[in-house]
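Engineer:
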DNA sequence: GTCTATATCCGGATAGAC
DNA sequence: GTCTATCCGGATATAGAC
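Protein chains in written order, with the numbering used here: chain A, 1 to 223; chain B, 1001 to 1223.
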């Protein structure tokens, strides 16, 4: 019964996330998850290949929430590139505001060798492409030269990853520093994207595109 | 007998690194390390608080090797800022060229919550300060306005961390992409550092310094 | 075929005797 | 400073229930 299986999966995920948030990822055991979800250890492992698989499901959930929130907020927001980028980034932080401690604990997995969880792995391609596509949509603006839009989308995605890492460790009230970092970094990014088209910046532009495209910002495996 | 203890420590570290490089960090067990070092599990744990403590010792060793290699290479190298930065970054890669696989596996620990190993933790301050100080020395150049030297040193340190992460995942022959990334990023950095002093760039300069200093590039805990 | 339970393995970590 | 014994939890094997 796939229907029941799906419900069971959701129940395990909910229980596990509650435990992760309450006691942390490392301190939560699969035995606890199974017990609180009302099943045996073996049963829990039947639905999730392990703790890491639960995290994977969590990422997908978070990603969907971000995407939906951004699309909704963009309906309201005005039209400028800078404003739309601000909405996307700040919404991304809003969605995750309650999970900073958990994300801080999970951050290692994102750059780790575990293929399923690494942000750079083939297994994460769907999630990654979804995020990059969002940035690509935002950057589809007359003020941005067409040939730098793709590399810029990639760079913005990488920037957002960095911002999230910063966010998880930012203990300033209301994570004001992260908010300021976002605003400053986006100001710079927009100025750069605007200036890059000027004839005077042709050399820098060639350098940037070669950095981000020919040499590729991300290593081979990301293709 | 502190003398014997120190020798035992070194023996454990050497054995552990050999195993890490041969079979990987995760697949190497403390039991193996102890056995190959000719002692019991408990004895090994007496000298190192755990696997993570061995990694910590490895980082310190690597850091010292990089610093020494850079200082030596700079004696030979000419005087330009760009050239000296290139020497520092490329030497950093040279020193670690044989350990890409291991570093890739250890990368998660660097951004992880484990205080002892995180690059951003108070416990790592000595190592971190050593690296930032090296960057600060390099940036002590007439072409760089004095008030941006400190934030630039911090930014260069962060850039180097990112380069190392890229390096561990770069499967291009001879890690040519990483080398190109270093050259391109440093070109941009030097151009930026030079241009930032011009009156026309006063607004951007204010933005940069506020980003890197007032708002701080790194979160609260890094002070 | 879908799901659950028990038993067991393995390795990191610790306790306490010597 | 070294040992043995033990704990704990992630992961797996496997048998069987529905």
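Glycine residues also receive a C-beta, built at the ideal position from the N, C-alpha and C atoms.
Applying the 10 Å Cβ sphere with the 16-neighbour rule, what's the burial state of residue 199 of chain A?
Structural biologist: Burial state of residue 199 of chain A is exposed, judged by a 10 Å Cβ sphere holding fewer than 16 other Cβ atoms.
Engineer: By Cβ distance, which residues of its chain are closer than 8 Å to residue 97 of chain A, with the 5 residues on each side in sequence left out?
Structural biologist: 175
Engineer: Near residue 1059 of chain B, what residues of its chain come up, given a Cβ to Cβ distance below 7 Å and the 5 sequence neighbours on each side ignored?
Structural biologist: 1127
Engineer: Would you kindly work out how many angstroms separate the C-alpha atoms of residue 1047 of chain B and residue 1008 of chain B, rounded to a whole number?
Structural biologist: 8 Å
Engineer: Between residue 182 of chain A and residue 163 of chain A, is the Cβ-Cβ spacing less than 8 Å?
Structural biologist: yes
Engineer: Which residues in the same chain as residue 118 of chain A place their Cβ atom closer than 8 Å to its Cβ, once the five residues preceding and following it in sequence are excluded?
Structural biologist: 109, 110, 111, 112 and 124
Engineer: What residues from chain B crowd round residue 191 of chain A, counting only those whose CB sits closer than 8 Å?
Structural biologist: 1204
Engineer: Using the beta-carbon count (16 or more within 10 Å), is residue 151 of chain A buried or exposed?
Structural biologist: buried
Engineer: Note down, in chain order, all residues in the region 78-111 of chain A with a beta-carbon under 7 Å from any beta-carbon belonging to chain B.
Structural biologist: 104, 105, 107, 108, 109 and 111
Engineer: Quick one: what's got a C-beta closer than 7 Å to residue 107 of chain A's C-beta in the same chain, skipping five residues either side?
Structural biologist: 165 and 168
Engineer: Return helix, strand or coil for residue 226 of chain A, following the three-state DSSP convention.
Structural biologist: What the structure shows of chain A is the stretch from 1 to 223, and residue 226 of chain A is not part of that stretch, so it cannot be assessed.
Engineer: Give a yes or no on whether 8 Å exceeds the smallest Cβ distance from residue 1219 of chain B to chain A.
Structural biologist: So yes, residue 1219 of chain B belongs to the interface.
Engineer: Can you look up residue 1110 of chain B in the DSSP assignment and give me helix, strand or coil?
Structural biologist: helix
Engineer: I'd like to know whether the C-beta atoms of residue 102 of chain A and residue 20 of chain A end up nearer to each other than 8 Å.
Structural biologist: yes
Engineer: Are any of the Cβ atoms in chain B nearer than 8 Å to that of residue 181 of chain A?
Structural biologist: yes
Engineer: Strictly under 8 Å for the Cβ-Cβ distance: is residue 120 of chain A near chain B by that measure?
Structural biologist: yes
Engineer: Using a Cβ-Cβ distance cut-off of 8 Å, determine whether residue 169 of chain A contacts chain B.
Structural biologist: yes
Engineer: How is the alpha helix (DSSP H) around residue 41 of chain A delimited, first residue to last?
Structural biologist: Run containing residue 41 of chain A: 41-47, per the alpha helix (DSSP H) assignment.
Engineer: Within 10 angstroms of its Cβ, does residue 1027 of chain B collect 16 or more other Cβ (buried), or is it exposed?
Structural biologist: exposed
Engineer: Following the continuous alpha helix (DSSP H) through residue 1178 of chain B, name the residue where it begins and the one where it ends.
Structural biologist: It spans 1176-1195 - the alpha helix (DSSP H) in which residue 1178 of chain B sits, taken as one unbroken run.
Engineer: Excluding sequence positions up to five away, which residues of its chain have a Cβ less than 8 Å from the Cβ of residue 116 of chain A?
Structural biologist: 52, 53, 56, 123 and 124
Engineer: For residue 1166 of chain B, decide whether its Cβ has a neighbour in chain A, counting only Cβ atoms nearer than 8 Å.
Structural biologist: yes
Engineer: Would you call the CB atoms of residue 65 of chain A and residue 33 of chain A closer than 8 Å?
Structural biologist: no
Engineer: Hey, residue 189 of chain A and residue 156 of chain A: beta-carbon distance below 8 Å or not?
Structural biologist: yes
Engineer: Checking contacts by CB at 8 Å: is residue 1145 of chain B closer than that to chain A?
Structural biologist: no
Engineer: Measuring only the C-alpha atoms, how far is residue 73 of chain A from residue 67 of chain A?
Structural biologist: Spanning the two alpha carbons is a distance of roughly 10 Å.
Engineer: Give every residue of the same chain whose Cβ lies closer than 7 Å to the Cβ of residue 971 of chain B, excluding the five residues on either side of it in the sequence, and list them in chain order.
Structural biologist: Coverage of chain B is limited to positions 1001 through 1223, which leaves residue 971 of chain B absent and any answer about it impossible.
Engineer: So, is the C-beta of residue 124 of chain A closer than 8 Å to a C-beta in chain B?
Structural biologist: False, the Cβ-Cβ gap to chain B never drops below 8 Å.
Engineer: CA-CA distance, residue 1005 of chain B and residue 1063 of chain B?
Structural biologist: 23 Å
Engineer: Given residue 1010 of chain B, which residues of its chain have a CB within under 7 Å of its CB, disregarding the five upstream and five downstream residues?
Structural biologist: Excluding positions up to five away in sequence, the list is empty.
Engineer: Where does residue 1117 of chain B fall in DSSP's three states?
Structural biologist: coil
Engineer: Thinking just about the alpha-carbon of each residue, which of B/1037, B/1135 and B/1171 is nearest to the one in residue 1224 of chain B?
Structural biologist: Summary: the structure shown does not reach residue 1224 of chain B, with chain B confined to residues 1001 through 1223, and so no result is reported for it.
Engineer: Where in the region 11-44 of chain A do unbroken runs of the alpha helix (DSSP H), each at least 4 residues long, occur, reported from the N-terminal end onward?
Structural biologist: 30-36
Engineer: Judging by CA-CA distance, which residue of A/179, A/210, A/201 and A/205 is the nearest neighbour of residue 86 of chain A?
Structural biologist: Residue nearest to residue 86 of chain A within the set A/179, A/210, A/201 and A/205 is A/179 (criterion: CA-CA distance).
Engineer: Could you tell me the boundaries of the alpha helix (DSSP H) in which residue 1201 of chain B lies?
Structural biologist: Where residue 1201 of chain B is concerned, there is no enclosing alpha helix (DSSP H), given that its DSSP letter is neither H nor E.
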